[in-house]
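Structure record follows, encoded as structure tokens.
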Amino acid sequence: MSKNWQKIVQKVMFLTKFCDIICCIKENDMKIVTLGSGSKGNCTLVASDTTKVLIDAGLPLSEIETKLTFLGVEPKNINGILITHEHSDHIKSIGMFSKKYDTPVFAHLTEWPVLDNKIKGIAPQNKVAFSDADFYVGDLTISTFKLSHDANLCLGYSVFNNGAKFSIATDLGFCPPEIVEKLKGSNLVILEANHDENLLANNSKYPVVLKKRILSKKGHLSNRASAEVIAQLVGGTNQVVLGHLSEENNSPSLAYNTIKAILAQKGIIEGKNIFIDVAMQHRLGNIFEIKTKTALKKEA
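Per this note's numbering, residue 23 is the first one in the sequence shown, and the count goes up by one each step.
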């Protein structure tokens, strides 16, 4: 068999396996899947039975379109894009996506003056400004919390739907108690595990000033710091997905094994007390379903 045919067969096998997973998604559950997560681009899909939103759109537009279509979601049916902050790995394709599909874009009112200088193509009627209060997109309730990062404003999100709760916190230099409280009770949390401290320290490609930025309280969470946060979520959270991994200073296996070992030292067993997955930069993540009260009633 030629190498080209081998690649085709491997791709078909992958697609078939993935389609089996997609077909298992149940109606009325809240679904979460990362389209890509890391220092080169971030985008997460959150979907209820009637509402679909993206959190950030920092991947190339064609990649977002391809992955949404593969998941059975037409890009034109995205009800809104929620912006965490103005760095390019989170906003790269927002203007193009909004212009092409007439999609509303949601950002904090203090963030829009900065975004207007960075994003082109969003029609005035699609610029939605929110305050610190909760707001709604379709049947999703959105709550925000401020993260410590070197941006004008960096937000984490909690998304609620019929008793289900999902939270995401990436791009934060440290996680104070008040943010841990915001994450608690989430069925699923996407939490930053950006770097391994030793790999970063020994990375000759990174200048000292960049290393200091990453390690600062306005930088990024290390694997070790992420583990300390996860330990505090045990008991109220079933699943954590490690996100925003650096390709230079981390790896999926290193992040997972480091955090698993730290939790074990605290008597917390991964796979028993809490489940941990890792979001990838260049491929779709696993699809997570959070059962809602509506789904429970339908099954009763």
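In this text, a Cβ means the ideal position worked out from N, Cα and C, and glycines have one as well.
Own chain residues within Cβ distance below 8 Å of residue i, not counting five before or after
i	result
T132	N174 and L175
S208	S180, K187, F188, S189, L255, G258 and T259
Y123	P97, K98 and I100
Beta-carbon gap between residue i and residue j smaller than 8 Å
i	j	result
L255	L205	yes
I100	K74	yes
V127	I105	yes
D71	K313	no
A79	I113	yes
L267	N220	no
F196	K239	yes
D172	R235	yes
A194	L169	It is Leu, not Ala, that sits at residue 194 in the sequence shown. Yes; because the gap between Cβ atoms is below 8 Å, this pair is in contact.
E108	K142	no
I86	F310	no
First through last residue of the alpha helix (DSSP H) which encompasses residue i
i	result
N183	Where N183 is concerned, there is no enclosing alpha helix (DSSP H), although the beta strand (DSSP E) it sits in stretches over L177 to N183.
G307	G307 -> no alpha helix (DSSP H), and no H or E assigned at all.
F119	I116 to Y123
Burial state of residue i, where buried means 16 or more other Cβ atoms lie within 10 Å
i	result
T259	buried
A186	buried
G293	exposed
E214	buried
C46	In this prediction, C46 scores a pLDDT of 40, lower than 50, which makes its location untrustworthy; the coordinate-derived value is nonetheless stated afterwards. C46 is exposed by the Cβ-count criterion.
E96	exposed
K89	buried
D154	exposed
S226	exposed
S115	buried
E200	exposed
K98	exposed
N166	Reading off the sequence, residue 166 comes out as Thr, not Asn. Buried, by the Cβ-count rule.
A69	buried
L81	buried
A145	exposed
L232	exposed
Neighbourhood of residue i by C-beta, 6 Å cutoff - its chain only, sequence neighbours within 5 removed
i	result
T66	T56 and I77
T392	Residue coverage of the chain in this structure runs from 23 to 322, which leaves residue 392 outside it and unanswerable.
K48	Only weak support is given to the placement of K48: the predicted model assigns it a pLDDT of 45, under 50, and the value that follows is read from those uncertain coordinates. Within the same chain, K48 has no close Cβ partners at all.
Nearest-angstrom Cβ-Cβ length linking residue i and residue j, presumed shorter than 8 Å
i	j	result
I284	R246	6 Å
A277	V300	6 Å
S61	D138	The pair is not a contact, with the Cβ atoms about 25 Å apart (cut-off 8 Å).
H130	L177	6 Å
S59	Q303	6 Å
D218	N184	No, D218 and N184 are not in contact; Cβ-Cβ is about 38 Å, not under 8 Å.
T192	N64	7 Å
V202	V251	6 Å
Boundaries (first-last residue) of the beta strand (DSSP E) holding residue i
i	result
D299	F297 to V300
K187	A186 to A191
Q147	That residue, Q147, is in no beta strand (DSSP E); it is neither H nor E in DSSP.
S165	L162 to K168
L76	K74 to I77
A69	C65 to A69
Other residues of its chain near residue i: CB distance less than 7 Å, five sequence neighbours each side excluded
i	result
T125	I100, G102, I103, F119 and N148
S248	L213, E214, A215, L264 and I281
D156	T163, I164 and S165
G117	I141, K142, G143 and I144
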